[in-house]
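Accompanying notes for the structure given below.
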Amino acid sequence: MNLFGGRAEKQGNYCTSDSNSHSLPDWEQCVRCPDHQYANTEKNLCLLKSERFLDSKDPLGMTLVCLALCLSALTTAVIGIFAKHNNTPIVKANNRALSYILLISLNCCFLCSLLFIGHPNTATCVLQQTTFGVVFTVAVSTVLAKTVTVVLAFSVTSSGRRMRWLLVSGMPNFIIPIYTLIQLILSGIWLGTSPPFVDTDAHSEHGHIIILCNKAQPLPSVVSWDTWAPWSCSLGEEECLLNKKDTAYVSGDVSITGFFPLSYVTVQRRPPKAERYTEEVSYNFNNYQFILALAFAVEEINKNPHLLPNITMGFSAHSHGIRYYVLYRSLVLSLSGKDFILNYDCKRESQTVVTLTGPAGQISSQYATVLDLYRFPQLNFGRFDPVLSDHRLFPSVYQIAPKDTSLAFAMVSLMVHFCWKWVGLLISEDENGLWMLPQLREEMNKHKVCTAFEHILPLSFFREVSDHVSFHQKIRNSFANVVVIYGDNEFMFNLLNTYFTTYLSLGNVWVINSLSTFLFVMKYFLLHSLHAPLIFSHHHGEISGFNNFIKTANPSKYPKDYYLALVWIRFFKCTFSESSCVTWKNCPANASLEWLPRYLFDMDMMEESYYLYNAVYAVAQALHEMLIGQAEAQPVGNGRKLQFSPSQLHPFLKNIHFNNPAGDQVILDETKKLVAEYDIVNLCNFPEGLRQVMKVGNFSPYAPHGHQLSLSNDNIEWPISFTETPQSVCSESCGPGFRKSPQEGKSVCCFDCIPCPENEISNGTDLEQCVRCPDHQYANTEKNLCLLKSESFLNSRDPLGMTLVCLALCLSALTTAVIGIFAKHNNTPIVKANNRALSYILLISLNCCFLCSLLFIGHPNTATCVLQQTTFGVVFTVAVSTVLAKTVTVVLAFSVTSSGRRVRWLLVSGMPNFIIPSCTLIQLILSGIWLGTSPPFVDTDAHSEHGHIIILCNKGSATAFYCVLGYLGSLALASFTVAFLARNLPDTFNEAKFLTFSMLVFCSVWVTFLPVYHSTKGKTMVAVEVFSILASSAGLSGCIFVPKCYIILLRPERNSLHGIRGKTYAERNNPF
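Here is the structure:
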């Protein structure tokens, strides 16, 4: 389709409209068939239309009749069932009478639908709506009465309550007649004032006249809101309109010619079997404001004694035309006054000095192909077009509007303000769209806003419905809630009239660069795909008096205005008087343009009208300066014509720089042009004609950085699918404690949120990397803050440290008690047996083992770190070597069978006693080497425990530590081996078995210690070492000395020679 295209095309003898035909060759016009006829397929004959209505013999009518009768029969059956079981509780419950009334009224509802089926007549038309209203009122009011009955019944808890009288008095039963009476009054008023009547519709179905009931008689002398319906006028009206020549004209000494988009072409859907689309010419009366702005500016200038004195300014306004050949023909006619004749210049009495074109730059460029031949000045009053700024191609074209170089930044600033990171782009495939697209991309990339989709749409896109389906699917699949639309008025008009009227998309916020097209197209109710868009409109000053000027404009005031007369005929049903084409009759009193709804005509000045107003003043200023500056200027006025060429205005237009009556600067020199400021408006679409344009913010490129965008979030109305400020993201933002992980093969705005690793944080939104906390700090649970770690060590005040201290002291006390028992029974056989001195050495060394574990508990320092390992190694060496000495002593004692044997001298010489110092000396040497090369030192562990720095002793040399342990292990293994070999020796006071078992426990503890020690960290590792010291020491002490203490304390009779002999004798006589 073409916004500025033509009426229905015809090729040869072919008529495109289904209602047009001709029967003779070479006709220039097709003849429209009367409403009761239609054109045949060959478009050469008008055939009589057949009558149609919802007939009971048609499949659809028959289906509806059967459905109504079946539902009525079912309802009748339910009434019969209730009547048969009339006294049952379920029927009597909730007011039996109301149930019958409801069933009967519902039955009537089903039957009243039959009034709508069949050939309409006056009686059925009247009965259809009134019967429907009354029976449905009875049904609904009965439901209300039943509900009230239930509520009252359950509200009466005792006979004394106030509500009881309401229930007893039968108040709910009065609901039905009251509501029914109100409905009857309304129906009576309806029938008495404007009753339904039989009507016909000759346009809905091709080849048929639909007979139907019209619900109301049309009222005379009221505004008809249907701008698209075909209209007709009398022959006198046609002649009068024809005399006005589709123009608006005001005479003057000099004249401005304006070409405006007042008519356009709509493409109708292709009817079945039709070979082509049909086209219909319509008018955009919102753009009539351009003519009014032109007239207002001309009147102001003519009244201004300081601007163009003694010269009157006039104008002529034309529509662009609906085909390009008409466009050029209109141009030639407007400039010459007659049809174009080569080499002749037939001018009017007033001289045309400049041409106003727009608002689309494409239209201005087409006019420029002719006007530039004569260097005829042309002013474009639309938005700044970069294409027209090329003065090599368009040397005679000037643009009034400021530059739009900050529009991309303004739109992206809006996205950043609302954190919209996933935005779709719909761009027109023209020079402006291709100029804006890279700017949008650059700003979006700079502010990390991603493109959900990017569609560059040519005008041919709007002709193919199949393209709309795939296009709509792509938008839905993108999951973008925000879409930016950029294009001129023609692009916006086509987009609105094709795509958005076909597909409902309530879940999108549309950010748009043009307001004027919406004022014309959006006349729909709230549920519209483009409800509440955000629009960037140029900010401009208020023109005083313009609104009042519009209110007083009428055809009598401007008799040569074709379009104003057309408005009065079409919308106010006015007619010309029979005597002239100047006076009117049948008009509403004081009819005004402000009566029209906003989608037909907006009283607020559009930005294009404002720039047109500035253009007129720019022409007046340039002409004024030119006439003053010309020394040879002849006096003007008093019937004398101005003699100059319009091309002489160019130097003055280029240098124009003035303030208009609103105080805004007007500059035509593009090198000095200002950058546009924007009002961000919200278009709220209420019921038809009640639309509201609300300013919700503004953008000024001259404001300080960071303050250029100003918005009132509370005043913004969002599309109805959003209950709060909408979000448009590919992935939900990663909050503190998470980082972004890009999704493979997708945009950078599409990512997964991954929790920060251990001891790393992110304290912002959508961070790509987490930050590791310093060693002296740790991440909190939410991973969004580093907290200072507290010092920790194996403290005696902690439960674990306190337990180990108590255990060590208790074991030490028990060992001391054993020493005391042995000292008290020093001369008894059981104490003297197996070398009494070694027993005391072993007990003392075990006591030291218990006490040395206390060195591991408490705040570590250099002294305790050194003493921990050396003391542990030395005292355990003494203990284990003592066990080895005792084991060797037992073996040697039982190996001496006679005094002459070689082993006797080993026992007598006290050789086992040398084992202890020898083994201890070796351990001391190892410890000395350890302390001399890499001694233990105080260290910290910041990683073992979350939120704590563990202060502990570093062993310095792990090799030295394991050498000490290895040496202890070798001594323990030697002791275990010797004791194991001596386990079967006679056991009267023989410790061999106890020594074997004690070394087994000791070795088991330390073998278990190694893997457990290496699998733990921090102070738990220290606790494991302390526990191993205590457990192994307790194992040695318990296995060796508990049996002896048992005999000493509980079986003293066995601790004597007599006891020993008795036991030996019993064992010999009872070996089992």
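Residue numbers (our numbering): 751 to 1822. Backbone N, C-alpha and C fix where the C-beta goes; we use that ideal spot for every residue, glycine too.
> Would you report the Cα separation of Tyr-1312 and Ala-1067, rounded to the nearest angstrom?
Replying inline: 10 angstroms
> Do the CB positions of Phe-1009 and Thr-1102 come within less than 8 angstroms of each other?
Replying inline: no
>> The beta strand (DSSP E) that contains Trp-1172, what's its start and end?
In response: 1172-1178
> What is the rounded straight-line gap between the Cα of Leu-936 and the Cα of Gly-811?
Replying inline: 30 angstroms
> Which residues in the same chain as Phe-860 place their Cβ atom closer than 6 angstroms to its Cβ, once the five residues preceding and following it in sequence are excluded?
Replying inline: Ala-818, Leu-821, Ser-822
>> With three or more C-beta pairs closer than 8 angstroms as the rule, is the stretch 1399-1419 touching the stretch 1372-1381?
In response: yes
>> Can you check whether the C-beta of Leu-1373 is within less than 8 angstroms of a C-beta belonging to chain C?
In response: No chain C is present in this structure, which holds just one protein chain.
> For Ile-1150, which of Trp-1680, His-1205, Val-1416, Thr-1531 has the nearest alpha-carbon?
Replying inline: Val-1416
> Hey, would you say the C-beta of Leu-1715 is under 7 angstroms away from at least one heavy atom of the ligand FAD?
Replying inline: Among the ligands in the structure shown, none appear at all, so the ligand FAD cannot be discussed.
> Counting Cβ pairs, one atom from each stretch, are 3 or more of them under 8 angstroms apart for the stretch 1750-1758 and the stretch 1772-1791?
Replying inline: yes
> Using the beta-carbon count (16 or more within 10 Å), is Arg-1489 buried or exposed?
Replying inline: buried
> Taking DSSP as the reference, what is the three-state secondary structure of Lys-799?
Replying inline: coil
>> Are the CB atoms of Ser-1677 and Thr-1620 within a distance shorter than 8 angstroms?
In response: yes
> With C-beta atoms as the reference, is Tyr-999 less than 8 angstroms away from Lys-1310?
Replying inline: yes
> So, helix, strand or coil for Arg-1489, using DSSP?
Replying inline: strand
> Closest by CA to Val-1048, which one among Gly-1064, Tyr-1590, Leu-1058, Tyr-1038?
Replying inline: Gly-1064
>> Let me confirm a value: Val-1219 is counted as buried when at least 16 other C-beta atoms fall within 10 Å, else exposed. Which label applies?
In response: exposed
> In angstroms, rounded to a whole number, what distance separates the CA positions of Leu-877 and Leu-894?
Replying inline: 25 angstroms
>> Strictly by DSSP, which residues pair up with Tyr-1148?
In response: Leu-1129
> Would you call the CB atoms of His-1764 and Ser-1540 closer than 8 angstroms?
Replying inline: no
>> Tell me which residues share the same chain as Leu-1604 and place their Cβ nearer than 7 angstroms to its Cβ, disregarding the 5 neighbours each side in the sequence.
In response: Val-1555, Ala-1558
>> Less than 8 angstroms between the C-beta atoms of Ile-1430 and Leu-1284, yes or no?
In response: yes
> Is Gln-1380 helix, strand or coil when you go by DSSP?
Replying inline: coil
> Would you call the stretch 1591-1609 and the stretch 1626-1646 in contact, with 3 or more CB pairs under 8 angstroms?
Replying inline: yes
> How close, in whole Å, do the beta carbons of Tyr-1236 and Asn-1263 come, if the pair is a contact with beta carbons under 8 angstroms?
Replying inline: 5 angstroms
>> So, at 7 angstroms on beta carbons, what are the nonlocal neighbours of Pro-1022 in its own chain, with the 5 sequence-adjacent residues on each side left out?
In response: Model confidence at Pro-1022 stands at a pLDDT of 48, short of 50, so the residue's coordinates are unreliable and nothing is read from them.
>> Rounded to whole angstroms, what is the Cα-Cα separation between Gln-1380 and Pro-1127?
In response: 19 angstroms
> Rounded to whole angstroms, how far is the Cβ of Ala-1303 from the Cβ of Leu-1316, which I believe are closer than 8 angstroms?
Replying inline: In fact, because the Cβ distance is near 13 angstroms, the residues do not count as touching under 8 angstroms.
> Mapping DSSP to helix, strand and coil, what is Ile-1569?
Replying inline: helix
> In three-state DSSP terms, what is Phe-1351?
Replying inline: coil
> Which first and last residues belong to the alpha helix (DSSP H) in which Ser-840 is found?
Replying inline: A small fix is needed here, since residue 840 is Ile in this sequence, not Ser. Where Ile-840 is concerned, the enclosing alpha helix (DSSP H) stretches over 839-842.
> What are the boundary residues of the beta strand (DSSP E) that Gln-692 is part of?
Replying inline: Because residue 692 is not part of the residues shown, which for the chain are 751 to 1822, the question remains open.
> Quick one: complete alpha helix (DSSP H) runs, 4+ long, within the stretch 1586-1635?
Replying inline: 1586-1602
> Which residues mark the beginning and the end of the alpha helix (DSSP H) in which Thr-1758 is found?
Replying inline: 1742-1765
>> Going by DSSP, what residue range makes up the beta strand (DSSP E) through Glu-1482?
In response: Looking at the DSSP string, Glu-1482 is not in any beta strand (DSSP E), and its letter there is neither H nor E.
>> For the alpha helix (DSSP H) containing Pro-927, name the first residue and the last one.
In response: 925-943
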